[in-house]
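Student: In our numbering, the protein residues as written are 2 to 180.
Note that CB positions come from ideal geometry on N, CA and C, so glycine has one too.
If you want it as structure tokens, here you go:
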């Protein structure tokens, strides 16, 4: 937990300072989560231990901790009782204008792909394949449109002139699409 606090204090991760203070309080009171011996195979290898720490911080009833004083479900209650006056004071200190725009877009999650690039890479590759397929479909439809055999009697290459040897119509556009 101490190493994680040190890493998060470097400022490369988006985390509220209150969370770091809460983890520090757990350490200062010798409260640590009981971690499973096995069960994590992530890229960083710390997601399962971090989820146990988060469970302890949020007071999950199934969280277990090693503490000489109290069970895990009571540690969060103590933190809430201690934080209540601070929250009340902060509400009076920071009055919010109801017409003020929120600082963050609500109901939107923007993923930068900074942790694992695989999901973003796979999604972008699928987008690339879909775009190529759409391009092939548009080319096939356009080719049928300029071909007088398929276009229900329209002139060849959709040319307006009577002589197809002199008026190429949309043939240039078809060649550009084929490229």
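So, helix, strand or coil for residue 34, using DSSP?
Tutor: For the purposes of this step, residue 34 is taken as residue 33 along the chain shown, with counting starting at 1. Strand.
Student: Specify whether the segment 159-170 and the segment 112-132 touch according to this definition: at least 3 beta carbon pairs, one from each stretch, less than 8 angstroms apart.
Tutor: Too few Cβ pairs lie closer than 8 angstroms, so no.
Student: Secondary structure at residue 142, three-state DSSP: helix, strand or coil?
Tutor: For the purposes of this step, residue 142 is taken as the residue at position 141 of the chain shown. Looking at residue 142 - three-state DSSP - the assignment turns out to be helix.
Student: Take the Cβ of residue 120 as the centre, count every other Cβ of all protein chains shown within 10 Å, and call the residue buried at 16 or more, exposed below.
Tutor: Position 119 of the chain shown, counting from 1, holds the residue named residue 120. Flag for residue 120 reads exposed.
Student: Rounded to the nearest angstrom, what separates residue 179 and residue 136 at their Cα positions?
Tutor: Locating residue 179 in the chain shown gives position 178, counting from the first residue. Locating residue 136 in the chain shown gives position 135, counting from the first residue. So the two alpha carbons sit approximately 10 angstroms from each other.
Student: Quick check: residue 146 and residue 159, are their CB atoms within less than 8 angstroms of each other?
Tutor: Start at 1 with the first residue of the chain shown, and residue 146 comes out as number 145. Start at 1 with the first residue of the chain shown, and residue 159 comes out as number 158. Yes; because the gap between Cβ atoms is below 8 angstroms, this pair is in contact.
Student: What does the alpha-carbon distance come out to for the pair residue 155 and residue 161?
Tutor: Here residue 155 refers to the residue found at position 154 of the chain shown. Here residue 161 refers to the residue found at position 160 of the chain shown. Each residue's alpha carbon lies about 10 angstroms from the other.
Student: When the distance is taken between beta carbons, is residue 34 closer than 8 angstroms to residue 53?
Tutor: Within the chain shown, residue 53 is the residue found at index 52, counting from 1. Within the chain shown, residue 34 is the residue found at index 33, counting from 1. Cβ distance < 8 angstroms, so residue 53 and residue 34 count as in contact.
Student: Rounding to the nearest angstrom, what Cα-Cα distance links residue 10 and residue 23 in this structure?
Tutor: Within the chain shown, the letter at position 9 stands for residue 10. Within the chain shown, the letter at position 22 stands for residue 23. Those two C-alpha atoms are separated by around 13 angstroms.
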